[in-house]
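Data block below; observations after.
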Amino acid sequence: MATNAIEAIAGERRRVQLAVSGVSKHFGGLCAVEDVSLSVAAGSITSIIGPNGAGKTSLLNMISGVYKPDTGTITLEGRDITRARPSEVAALGVARTFQNIALFGGMTVLDNIMLGRHVRMKSGILSSVIYWGLAQREEVAHRARVEELIEFLQLQDLRKQPTSALAYGLRKRVELGRALALDPKVLLLDEPMGGMNQEEKEDMARYILDVNGAWGTTIILIEHDMAVVMDISDRVAVFDRGRKIADGTPGEVQRDRAVIAAYLGTRQERAEAAE
Amino acid sequence: MTTPVPTTLPRLLRRNAEDMPQRTAMREKQRGIWQPYSWRRYWEETRDFALGLAAAGFARGDKLSVIGENRPRLYWAQLAAQCLGGIAVPVYQDAIAGELAYVLDHAETSVVVAEDQEQVDKVLSLKAQLPHLRLIVYDDPRGLRDYPTPLVRAFEEIQAAGRAFGQIRPLYVETEIEKAAAGDVALFSYTSGTTSAPKGAMLSHDNLLFAAGSMRAVEEVRSTDEWLAYLPMAWIGNSLFSMAMHLLVGFTCNYPEKPETLQRDARELGPTVALAPPRFWENQLTAITVRAADASPAKRASFRFFRRLAERAETLRASGQTVPPLLRLGLLVGEFVIYGPVRDQLGLGRARWAYTGGAALGADTFRFFRAFGVNLKQIYGATELAGLCALQPDGAASPDTVGPVLPGCEIALEEGEVLIRSPGVFKGYYKQPEATRAAMAAEGWLRTGDAGFIDQRGHLVIIDRAKDVGKLADGTVLAPQFLENKLKFSPYIGEAVVFGDRRPFVAAIIAVDPATVGNWAERRQLAYTSFQDLSARPEVRDLIRGEIERCNAGLPPATRIRRFVVLNKEFDADDDEITRTRKIRRRFVAEKYAAVVEGLYAGQGEVALSAAITYEDGRKAVLESTLAIVAVEPAGEAAREAAYA
Chain A
0 MATNAIEAIA GERRRVQLAV SGVSKHFGGL CAVEDVSLSV AAGSITSIIG
50 PNGAGKTSLL NMISGVYKPD TGTITLEGRD ITRARPSEVA ALGVARTFQN
100 IALFGGMTVL DNIMLGRHVR MKSGILSSVI YWGLAQREEV AHRARVEELI
150 EFLQLQDLRK QPTSALAYGL RKRVELGRAL ALDPKVLLLD EPMGGMNQEE
200 KEDMARYILD VNGAWGTTII LIEHDMAVVM DISDRVAVFD RGRKIADGTP
250 GEVQRDRAVI AAYLGTRQER AEAAE
Chain B
0 MTTPVPTTLP RLLRRNAEDM PQRTAMREKQ RGIWQPYSWR RYWEETRDFA
50 LGLAAAGFAR GDKLSVIGEN RPRLYWAQLA AQCLGGIAVP VYQDAIAGEL
100 AYVLDHAETS VVVAEDQEQV DKVLSLKAQL PHLRLIVYDD PRGLRDYPTP
150 LVRAFEEIQA AGRAFGQIRP LYVETEIEKA AAGDVALFSY TSGTTSAPKG
200 AMLSHDNLLF AAGSMRAVEE VRSTDEWLAY LPMAWIGNSL FSMAMHLLVG
250 FTCNYPEKPE TLQRDARELG PTVALAPPRF WENQLTAITV RAADASPAKR
300 ASFRFFRRLA ERAETLRASG QTVPPLLRLG LLVGEFVIYG PVRDQLGLGR
350 ARWAYTGGAA LGADTFRFFR AFGVNLKQIY GATELAGLCA LQPDGAASPD
400 TVGPVLPGCE IALEEGEVLI RSPGVFKGYY KQPEATRAAM AAEGWLRTGD
450 AGFIDQRGHL VIIDRAKDVG KLADGTVLAP QFLENKLKFS PYIGEAVVFG
500 DRRPFVAAII AVDPATVGNW AERRQLAYTS FQDLSARPEV RDLIRGEIER
550 CNAGLPPATR IRRFVVLNKE FDADDDEITR TRKIRRRFVA EKYAAVVEGL
600 YAGQGEVALS AAITYEDGRK AVLESTLAIV AVEPAGEAAR EAAYA
């Protein structure tokens, strides 16, 4: 009991970086997200799990500004971003990757990641075209950061390859690189390991941990592979049919009756758990 | 008056740092850009690391191992150990745990400098077997933040501790450097051991500098040369060039970004001199052949046409004949459309010379590269001779010899075995006096273990490993390696092991080259799942039979290959079948595949095989299968000979 209290105090002290409170989203008659609250500590890895259609991606979309919630608020470091446009959210330091890879297939690995620096670039069209002075210095500085990421993600030999020619797992890695190019404070990963084989998953898990360790980036990810989620997460939030049904450390969540019911239970048990 | 040449590697480093502080000593490709390090920087980084080692208790005679790909810091670390009178022990980065534990324990290594987490993990897992290990230093910090200190430390940490120590003892390293003698041991080079457990050859500063210096006496090595350090760090050939020659001559040593980018980095850089083991040349030839086969029909035809021209001209030149004017005109055109571009792709566009060494290279492969304008020459040496004792000067290139011995080397023959005496002869094997005695004949002569002779021009000819040379039942002398190299010229044959000692005829075990045979199968729409499946295809057997018949056509009838099997696994260093430098461990293979060899000579149609295989993580499994034995009919050869005539 005493240790729990200490942990609670320690938890309070950890700075909340992203807070979602009482958020709902309806699409016509369909309720995608219903009264969800979630607070994410700075520098933590939080996983969101749940069956298909549980509202996980909808929540990420609201955080990143793609959807506007019907009710509730979202704050980033105390600043209200509920109504912010995706570009504004990105400029505030929230980057994301997509469930279905969204890269420019004809462009090289280098160019795709460079694109992620876009919001950090200051020079206008004219000076960029002339490419002299500030614009040149800026390009060099950005390229240096991109090269750092290429090294970090071990993509050196693929720098000049068009991404369409890459294997699936590598494209996912390039997408992570592009998100990191934003120098994000918060990184949203939508199924970063979806469709990967075991080895690719282990690699990606390693990169996620390394990103978190090296730059203290707060990470929120949606993932279906339970083994990975339980291994790398500080906190796990479980969604089912638009609601958050559990939230805690991996150990707590694994013991949670509602979670067991939602994941493993029969329809009857599930009904009981819902009562 | 000229100042005498410094006599130890650290003194050479100090000389270079004083004489040419701003010149580029090293260039490392990082983040897509070649980052230069000056000679002064090389010295300062080395000194700081040496101070850090000293502060951590590293004393004279202690051993420091490096493990990883070529990285400047791994060289700074080796030189730092030598500055303190210690010994550098580079080890193979792809060694499996058991081998690594053996070498690190046997060498009594107290400090390991590892490239990255993978290598640190490997060493940490062996900690219990390494009582002498006190410190593991890493270069790349990735993933290593939470590792146990003080055992595992960052390179910068050691250097920072060194600078603090340097405040108290400012000239500590300089004083230690002065204490060294030229005859002190500088390096343990563990032989890859084609026969037994690795042996640590002790090489002194003057061993290494003799080998480097005597090469420079006969071959042009310039201080403006660009050298690419990509060879395995544990191979003596690498230590000789990337360390001793680098310090002696003062050229620039370049480190590729990672192994996967080697080809592109080499092309970007254009090294002016090169050294590669035969395997490299064989692989490059295979890659060129595959790419040519995949090209459009017009390109394919022009490649074939100009290749034939070039090889014909090279054959004429090699036999001392003049090349007729029309052929010369053809070569001129070929230089523009084929030869130049191919050399450029190989990264050899600027190379004044390129050496092949470490094992024998097949004559046909050798001729191919020379025909394409690569000044490829042979070099010969042994770990026990600091890597070098003979090479071919310009104008003496030949696939059959290894050139005259270097100035300062004496050569003698004893029952066909080559003996060498020179200041390059090593100080013995570490802690293995028995092995040392076996390797040394009387009066300082080293037994190379190679069978050879001196030809009429005074050039050394190496036939094979002395213990491998055998006789067929009818008394015909048989040099298996010669036949194997002939077989390996076929792009489809990856490895071959030939048998025949005290047997009625010659037989071979063949491992196909997965890249070319895979490509060949795809073009014939032949479906296959794995190497094992591909190897077992009757079509592949026929393909290999055709290649062997072609090879047989160029051999005297007695030594032609009469029977063979296509093995369903590749020869692998993890299974001890080849060494880390990719030399076949013939005796081991003969023992392991004894049943197959018996089958080859028993006249059976097939033979059952159960072979132990080792996975990369050290797990073992047994492969059970049946191999078909193929006979090569003299009739088929006769037809081919007629067709070729």
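From first to last, the protein sequence lines stand for chains A and B.
Numbering that gives the first Met the number 0 applies: residue 0 is where the first sequence begins, and numbers increase by one.
Numbering that gives the first Met the number 0 applies: residue 0 is where the second sequence begins, and numbers increase by one.
The beta-carbon is built from N, C-alpha and C at its ideal position, and this holds for glycine as well.
Chain A residues whose Cβ lies nearer than 8 angstroms to that of B:Glu259: Gln155 and Asp156
Nearest-angstrom beta carbon gap, B:Cys388 and B:Gly415 [assumed within contact, 8 angstroms]: About 17 angstroms separates the two Cβ atoms, so there is no contact after all.
message: I'd like to check one pair, B:Arg14 with B:Ile176: are the Cβ atoms closer than 8 angstroms?
response: no
- request: Step through the CB atoms of chain A and report whether any lies within less than 8 angstroms of the CB of B:Gly394.
  value: no
- prompt: Is it buried or exposed for B:Gly427, if we count other Cβ within 10 angstroms and need 16 for buried?
  reply: buried
field: Contact set between B:Arg30 and chain A, taken where Cβ atoms lie within less than 8 angstroms
entry: Ala143, Glu146, Glu147, Ile149 and Glu150
- prompt: Taking 8 angstroms as the CB-CB limit, is B:Arg144 close to chain A?
  reply: yes
- request: State the CB to CB distance for the pair B:Ala610 and B:Arg540, rounded to an integer number of angstroms; the pair is presumed to be in contact (CB under 8 angstroms).
  value: With 8 angstroms as the limit, B:Ala610 and B:Arg540 do not qualify as a contact, their Cβ atoms being about 19 angstroms apart.
message: Rounding to the nearest angstrom, what Cα-Cα distance links B:Thr271 and B:Thr321 in this structure?
response: 28 angstroms
message: Give me the chain A residues within the contact set of B:Glu256, using Cβ-Cβ distance strictly less than 7 angstroms, ordered along the chain.
response: Gln155
field: Amino acids of chain B, ordered along the chain, whose beta-carbon sits closer than 8 angstroms to that of A:Gly168
entry: In chain order: nothing, as chain B lies at least about 16 angstroms away.
query: DSSP on A:Val22, reduced to helix/strand/coil?
result: strand
query: Which residues mark the beginning and the end of the alpha helix (DSSP H) in which A:Ile112 is found?
result: Val108 to Leu114
field: Proximal residues of chain B, C-beta to C-beta of A:Gly212 below 9 angstroms
entry: Gly142, Arg144 and Asp145
query: Relative to the alpha-carbon of B:Glu413, which residue among B:Gly448, B:Arg299, B:Tyr189 and B:Pro392 has its alpha-carbon at the smallest distance?
result: B:Gly448
- request: Could you have a look at A:Arg158 and say whether DSSP puts it in helix, strand or coil?
  value: coil
query: What did DSSP end up calling B:Asn518 once you bin it into helix, strand or coil?
result: helix
- request: Please classify B:Asp463: is it buried, with 16 or more other beta-carbons within 10 angstroms of its beta-carbon, or exposed?
  value: buried
Nearest candidate by alpha-carbon position, reference B:Val595, set B:Ala312, B:Ala607, B:Glu218 and B:Phe587: B:Ala607
message: Using only CA atoms, which one of B:Val119, B:Glu44, B:Asn69 and B:His105 lies nearest to B:Cys82?
response: B:Glu44
task: Using DSSP bridges, identify the partner residues of A:Arg78.
output: A:Leu75
field: Residues that A:Asp224 bridges to, as DSSP identifies them
entry: Partner(s): none; A:Asp224 has no beta bridge.
field: Residue-level contact to chain B via CB, A:Asp209, 8 angstroms cutoff
entry: yes
message: Just to confirm before moving on: does the CB-CB distance between B:Trp33 and B:Arg22 stay below 8 angstroms?
response: no
Where B:Gly356 falls: helix, strand or coil (DSSP): coil
task: Could you tell me which residues DSSP pairs with B:Glu605 in its beta bridges?
output: B:Ala627
query: What is the rounded straight-line gap between the Cα of B:Ala159 and the Cα of A:Lys243?
result: 50 angstroms
- request: Report all residues from its chain with a CB closer than 6 angstroms to the CB of B:Ala557; omit the five preceding and five following residues, and keep chain order.
  value: Thr475
task: Evaluate the contact criterion for the segment 432-450 of chain B versus the segment 510-526 of chain B: three or more CB pairs, one atom per stretch, below 8 angstroms.
output: no
field: 8 angstroms contact criterion, which B:Val496 and B:Arg586 should meet: CB distance rounded
entry: Contact doesn't hold; Cβ gap of about 11 angstroms is too wide.
- request: Select from A:Leu37, A:Lys24 and A:Gly28 the residue whose C-alpha is nearest the C-alpha of A:Gln16.
  value: A:Leu37
message: Taking its Cβ as the centre, do 16 or more other Cβ atoms sit within 10 Å of B:Ser124, making it buried, or is it exposed?
response: exposed
message: Could you check whether the segment 214-229 of chain A touches the segment 183-203 of chain A, counting it as contact only if at least three pairs of C-beta atoms, one from each stretch, sit closer than 8 angstroms?
response: yes
query: By a C-beta neighbour count over all protein chains shown, 10 Å radius and 16 as the cutoff for buried, is B:Ala163 buried or exposed?
result: exposed
- prompt: Can you name the residues that DSSP bridges to B:Ala510?
  reply: B:Glu494
query: Considering only residues of the segment 135-189 of chain B, which uninterrupted alpha helix (DSSP H) runs meet the minimum length of 4 residues and lie entirely inside it, listed in chain order?
result: 154-167 and 171-178
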